[in-house]
Amino acid sequence: MLASDAKVLRKTAPRSSLARWKPAADRFDPVALLHETEAGRIPELLPERHERMRANPFAFYRGGAALMAADLAGHPVSGLRVQLGGDAHVLNFGGYATPERNLIFDINDFDETLPGPFEWDVARLCASAPLAAQVRSFGRRAGEEAAFAAAYAYRLHMRNLAKRSPIEIWHSTVDVRGMLARELTPPSTATHVKPTPEHESVARSSIEKYRKTLAPHVQPLLEDRYHPVDFFEHPVGVGSIGLLTIIAHFEARKGEALYLQVKEAQASVLERYLGPSRYRNHGERAIVGQQLMQAATDMFVGWTSAGSRDFYVRQLRDQKASLDFENINAVQLVDFARRCGAVLARAHARTGDPQAIAAYLGTSDVFETGMVTFASLYAKQVERDYEAFCRGL
114 MLASDAKVLR KTAPRSSLAR WKPAADRFDP VALLHETEAG RIPELLPERH ERMRANPFAF
174 YRGGAALMAA DLAGHPVSGL RVQLGGDAHV LNFGGYATPE RNLIFDINDF DETLPGPFEW
234 DVARLCASAP LAAQVRSFGR RAGEEAAFAA AYAYRLHMRN LAKRSPIEIW HSTVDVRGML
294 ARELTPPSTA THVKPTPEHE SVARSSIEKY RKTLAPHVQP LLEDRYHPVD FFEHPVGVGS
354 IGLLTIIAHF EARKGEALYL QVKEAQASVL ERYLGPSRYR NHGERAIVGQ QLMQAATDMF
414 VGWTSAGSRD FYVRQLRDQK ASLDFENINA VQLVDFARRC GAVLARAHAR TGDPQAIAAY
474 LGTSDVFETG MVTFASLYAK QVERDYEAFC RGL
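Per this note's numbering, residue 114 is the first one in the sequence shown, and the count goes up by one each step.
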């Protein structure tokens with residue numbers, strides 16, 4: 114798409130329209146929609162999911178990607194499509210080791226990934242900023258500054274990426290080691306529980322199928338060098354609670370450990386509004402989305418299935434690093450949001466048209482100002498939905 118054509122899109126979807134948020138008169142019941150999206154999850158884990166979501170509005174937001182997808186579906190769209198992460202809030206960014214053992218920073222959750230309008234991810238990121246600031250008692254201004262920083266960095270970085278070749282974009286990374294708390298120790302089995310015989314059987318059978326999705330040069334590692342010795346159930350996060358998640362513990366001949374996470378993948382919450390995925394296996398959908406968006410991908414990523422369940426597989430905590438959210442200050446939150454915005458732009462530029470997106474966003478601050486307004490308004494909507502959710506428990 115030519116830059117001039119992208120600017121024409123401003124007439125059908127003005128940048129100022131991105132700032133608007135007013136719930137429709139016939140807006141869905143948020144509690145009913147949440148319960149609807151929990152179909153197929155492990156019933157025994159739903160009380161824990163609800164308890165985690167009840168902690169605060171930000172935790173509720175993290176578990177409510179389906180609600181925002183439904184709300185964004187009623188918005189005008191730019192028409193500029195990219196591979197979406199689908200749940201790009203600030204805590205879904207972090208560091209990890211590349212196959213070359215370098216620590217890089219990137220988006221790290223792809224359960225909801227699907228092609229769609231670029232602004233949906235930006236809106237999800239920006240709206241998370243005031244909610245995160247509220248949890249840390251930073252005040253309204255800090256939340257608005259973080260939302261502005263994320264959107265500004267997205268626009269500025271996209272503008273810079275538009276000048277680069279596709280190969281340069283593909284290999285670009287963002288380094289934020291100073292902002293990360295490194296977690297280099299393997300997971301302690303003391304915090305995990307043994308799976309039921311049924312779930313362990315699912316894990317064992319799915320591992321056999323998973324090996325076939327690995328790159329040919331990686332397959333021998335799991336065929337000849339590492340062998341499964343134990344399995345543990347490990348519920349993670351907020352939004353993923355209720356999905357079957359197994360840690361597979363592998364060991365080599367001398368006892369060297371390798372931990373793989375086998376995580377259930379369901380249909381993306383975006384599919385209802387953007388159309389079904391081209392991939393029949395939702396684990397494959399998640400992994401392909403990850404490979405498209407991340408600057409470098411864990412060499413053990415793959416997908417599998419067992420019965421009616423789809424899964425994706427990845428290495429667990431391979432020098433993973435995450436935001437030290439409980440100890441950051443307001444300035445650090447703003448800086449982190451800025452880096453998230455830059456990373457998101459780089460991820461989108463890999464599959465979208467960076468020149469068209471940059472032309473649509475322009476050179477003024479209309480985009481980021483609009484995103485701040487939207488983020489503030491939508492955060493209040495999340496608080497109202499959160500209150501309704503708590504009343505319904």
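Glycine included, every Cβ here is placed at the ideal spot set by N, Cα and C.
Remark: fewer than three beta-carbon pairs, one from each stretch, lie closer than 8 Å, so the stretch 204 to 211 and the stretch 126 to 142 are not flagged as touching. With a threshold of 16 other beta carbon atoms within 10 Å, Thr417 meets it and is buried. In the structure shown, Arg249 adopts coil according to DSSP, grouped into three states. Look at Leu327 here: in three-state DSSP terms it is coil, with no helix or strand label. At a Cβ-Cβ threshold of 7 Å, Ala262 and Phe487 do not count as neighbours. Straight through space, the alpha carbons of Ala408 and His284 are spaced by roughly 6 Å. Distances from the CA of Val342 to each of Ala328, Glu257, Leu357, Ile320 were compared; the closest alpha carbon is that of Ile320.
Residue pairing by DSSP places Trp416 opposite Tyr425 in a beta bridge.
Where Glu496 is concerned, there is no enclosing beta strand (DSSP E), although the alpha helix (DSSP H) around it starts and stops at 479 to 505. Counting along the chain, no alpha helix (DSSP H) covers Leu193, and no H or E run does either. Between the C-alpha atoms of Arg167 and Val456 there is a straight-line separation of about 30 Å. Per DSSP, reduced to three states, the secondary structure at Tyr339 is coil, with no helix or strand assignment.
Here the C-alpha atom of Glu258 lies approximately 15 Å from the C-alpha atom of Ala236. A residue is called buried once 16 or more other Cβ atoms fall within 10 Å of its Cβ, and Ile354 is buried on that count. The continuous stretches of beta strand (DSSP E) do not include Ala460, which lies in the alpha helix (DSSP H) extending over residues 443 to 464.
Residue pairing by DSSP puts His362 in a beta bridge opposite Asp343, Tyr372. If you draw a straight line from the Cα of Thr476 to the Cα of Ala240, it is about 22 Å long. Under DSSP, Glu397 takes part in no beta bridge, so it has no partner. At a Cβ-Cβ threshold of 7 Å, Val349 and Ile359 do not count as neighbours.
Distance from the Cα of Ala316 is smallest, within the candidate group Leu327, Glu377, Glu364, Lys325, for Glu377. Counting only residues of its own chain and dropping the five nearest sequence neighbours on each side, Leu429 has a CB closer than 7 Å to the CB of Pro300, Ile360, Tyr372, Leu373, Gln374. In the DSSP annotation of this structure, Phe173 is not part of any beta strand (DSSP E); the continuous alpha helix (DSSP H) holding it starts and ends at 170 to 176. Beyond the five residues adjoining it in sequence on each side, Phe424 comes within less than 7 Å, by CB distance, of Ser319, Val375, Lys376, Glu377, Ala378, Gly396, Trp416, Thr417, Ser418 in the same chain, given in chain order.
For Pro467, there is no enclosing beta strand (DSSP E); the enclosing alpha helix (DSSP H) covers residues 467 to 474.
The three-state reading of DSSP puts Pro228 in strand, counting E and B together. Gln468 and Pro230 have their alpha carbons spaced roughly 15 Å apart.
Nearest to Ala138 by C-alpha distance, out of Gly176, Asp184, Ala179, Ser130, is Asp184. The beta carbons of Ala201 and Leu244 sit no closer together than 7 Å.
Of Arg123, Trp134, Ala178, the smallest CA-CA separation from Tyr499 is found for Ala178. Residues of the same chain with a CB within less than 6 Å of the CB of Arg398, apart from the 5 flanking positions on each side, are Ser390, Tyr392 in chain order. If you ignore the 5 residues before and after Leu490, its C-beta comes within less than 7 Å of the C-beta of Trp134, all in its own chain and listed in chain order. In this model, Pro160 and Asn273 are separated by some 46 Å (Cα to Cα).
DSSP places Ile220 in the uninterrupted beta strand (DSSP E) bounded by 216 to 220. DSSP places Ala138 in the coil class of the three-state scheme, outside both helix and strand. Non-local C-beta neighbours of Gly256 in its own chain, meaning closer than 8 Å and more than five positions away in sequence, comprise Ala242, Pro243, Leu244, Ala245, Ala246, Gln247, Ala488, Ser489, Ala492, ordered along the chain.
Comparing C-alpha distances from His188 to each of Pro136, Arg385, Arg162 shows the shortest one belongs to Pro136.
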